[in-house]
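Trainee: In our numbering, the protein residues as written are 1341 to 1867. Just so you know, even glycine gets a beta-carbon here, dropped at the ideal spot from N, CA and C. A single structure is presented below for examination.
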């Protein structure tokens, strides 16, 4: 041990370097070092111990722990297919005991261990990070597959990406600090509202969270979910539609009396006053207790209305109003172009702008505009109706005694889960998914979940001063280049990496490294 440490600290004379040297074909002398901070969190969560213990009873000539680390690290540093991840292992400055086909075989085992590993991760986060679960955030998204035909798991359904491809749904639960707790995959045609109960039920039975308040958007707001949560004395904070609501609620929303302006609920640098100084958007709210009627499924399978006491909070957000106005202006501009030249646009091209056009028809098969004697025109009544709702939204909650501004603030924090989904799709490139068997799909998403969890925990260690996207960017740049004679030159270092080193007690600012020094750094991440 002392000999390895001495080798790691030993100075090296590089000597003469010829400028006439030429590179070999396909030479790649760059190596990832960004895995080092990830390794620290990975081992802190004892994922290695969990997998090593599970492998003891199995006969295999490769390491499940090595495959998991490879897939998690490459998901963050160089996302791609499983083959691409395996090829990338040559650029990670540590050995991995696995072959390319072992990567696929390991996914089957990861699927088998999924529930136990998720519970293990929760326990480790609770121990090391003082997990807070009094408020939890829940949402659903979907991930598409580049295939044409459905199967029993990958089904066609509503997709924000509008690909038309088969999907799987993911329900994700975060804690009060936006740290992932657990997730579950569902068939692609599963309605969002049907995904929450199975996850919360599992968490109740096994995770020992105590009473939780679930924050979710209006897609999860249904009678069955409300009854499910309140029956077990849990709570909820849901948004609710204003359009289509009963006249009594709409009258309450648009009655100007009773609104109170609150500071500190919404913060933004997007609004400026006449003196070009940043200002906080106007935020007003009012509330009332209300015995709201929900349609709940009974034992006979039929839905019947039951009253449940809630607090209805009506909010007006100037920032939200501005965004709606801007988006509508874009649609109106597009609608005017379509009216001027209907033949130029198919129904797919027109999309949302059609809501503001009267007297226009399209062929159901070709999507092309049909010639009629009627002249298209702008639907000004619809525009005025939409303007009425700008900036307004309703939140309902079981927490009658929680201050209104606190409920609203918690609801606004729901953006964190949308942010997590965006990270998985854009930065971690979780989709499109390149594996086809259900077990391997489950294994793939488990590795992506662990990657997201590690990123979120790393951000927490940095006191949330950096977004996960910034962390990813710096870790990807943190590489070393082989100079000569087993000496590597670190090619990148920045203030974020400095803060990571300080937070994790890792030395990341050495300009030159020998293999012994790299091995020492890897060993340091496991302590």
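Whole angstroms is fine: what's the gap from residue 1646's alpha carbon to residue 1635's?
Mentor: 6 Å
Trainee: Quick check on the burial criterion: 16 or more other C-beta atoms within 10 angstroms. Buried or exposed for residue 1487?
Mentor: exposed
Trainee: Who are the near neighbours of residue 1728 in its chain, counting only those whose CB is closer than 6 Å to its CB and skipping five residues on each side?
Mentor: Cβ-Cβ distances below 6 Å link residue 1728 to nothing in the same chain once the five nearest sequence neighbours on each side are left out.
Trainee: Which residues in the same chain as residue 1869 place their Cβ atom closer than 8 Å to its Cβ, once the five residues preceding and following it in sequence are excluded?
Mentor: Look at the range of the chain in this structure, 1341 to 1867, and you will see that residue 1869 is not part of it.
Trainee: List the residues that DSSP assigns as beta-bridge partners of residue 1820.
Mentor: 1371 and 1830
Trainee: DSSP three-state label for residue 1578, please.
Mentor: strand
Trainee: In angstroms with no decimal places, state the Cα-to-Cα distance between residue 1464 and residue 1549.
Mentor: 14 Å
Trainee: DSSP beta-bridge partners for residue 1776?
Mentor: Paired residues: none, contrary to the question.
Trainee: I'd like to confirm the pairing. Which residues does DSSP put opposite residue 1721 in its beta bridges?
Mentor: Paired residues: none, contrary to the question.
Trainee: With 16 other CB atoms within 10 Å as the buried threshold, where does residue 1400 fall?
Mentor: exposed
Trainee: Starting from the C-beta of residue 1598, find all residues in its chain whose C-beta is less than 6 Å away, skip the five residues before and the five after it, and write them out in chain order.
Mentor: 1626, listed in sequence order.
Trainee: Check whether the region 1534-1542 and the region 1804-1818 are in contact - that is, three or more C-beta pairs closer than 8 Å.
Mentor: At 8 Å Cβ cutoff, the stretches do not touch.
Trainee: Grab me the residues of residue 1747's own chain with a C-beta within less than 7 Å of its C-beta, minus the 5 sequence neighbours each way, in chain order.
Mentor: 1577, 1653, 1735, 1737 and 1739
Trainee: According to DSSP, is residue 1529 helix, strand or coil?
Mentor: coil
Trainee: Going straight from the alpha carbon of residue 1783 to that of residue 1454, what length do you get?
Mentor: 8 Å
Trainee: Please report the straight-line C-alpha distance between residue 1504 and residue 1757, rounded to a whole angstrom.
Mentor: 24 Å
Trainee: Could you compute how far the alpha carbon of residue 1868 sits from the alpha carbon of residue 1764?
Mentor: With the chain covering 1341 to 1867 only, the question about residue 1868 has no answer from this structure.
Trainee: Mapping DSSP to helix, strand and coil, what is residue 1483?
Mentor: strand
Trainee: Would you mind reading off the limits of the beta strand (DSSP E) that contains residue 1649?
Mentor: 1643-1657
Trainee: Under a Cβ-count criterion, where at least 16 other Cβ atoms within 10 Å of its own Cβ denotes burial, should residue 1398 be classed as buried or exposed?
Mentor: Classification of residue 1398: exposed, given that the 10 Å Cβ count is below 16.
Trainee: Between residue 1419 and residue 1849, what straight-line distance do the alpha-carbon atoms span, to the nearest angstrom?
Mentor: Distance from the CA of residue 1419 to the CA of residue 1849, rounded to the nearest whole angstrom, comes to 25 Å.
Trainee: Between the alpha carbons of residue 1566 and residue 1575, how many angstroms are there, rounded?
Mentor: Between residue 1566 and residue 1575, the alpha-carbon positions lie close to 8 Å from each other.
Trainee: For residue 1402, which residues does DSSP report across the bridge?
Mentor: In the DSSP output, where bridge partners are listed per residue, residue 1402 has none listed.
Trainee: Could you spell out the range, first to last residue, of the beta strand (DSSP E) harbouring residue 1623?
Mentor: 1623-1637
Trainee: Along the chain, where does the beta strand (DSSP E) that runs through residue 1510 open and close?
Mentor: 1507-1514
Trainee: Counting along the chain, where does the beta strand (DSSP E) carrying residue 1553 start and finish?
Mentor: 1553-1556
Trainee: May I ask which residues mark the beginning and end of the alpha helix (DSSP H) holding residue 1733?
Mentor: Here residue 1733 belongs to no alpha helix (DSSP H); instead the beta strand (DSSP E) covers 1732-1737.
Trainee: Under the three-state reduction of DSSP, which class applies to residue 1543: helix, strand or coil?
Mentor: DSSP places residue 1543 in helix when its eight states are reduced to three.
Trainee: Can you grab the Cα-Cα spacing for the pair residue 1370 / residue 1416, in whole Å?
Mentor: 17 Å
Trainee: Between the region 1481-1498 and the region 1822-1840, do at least 3 Cβ pairs fall closer than 8 Å?
Mentor: no
Trainee: Near residue 1660, what residues of its chain come up, given a Cβ to Cβ distance below 6 Å and the 5 sequence neighbours on each side ignored?
Mentor: 1731
Trainee: What would DSSP say about residue 1852, mapped onto helix, strand or coil?
Mentor: Reduced to three states, the DSSP call for residue 1852 is strand.
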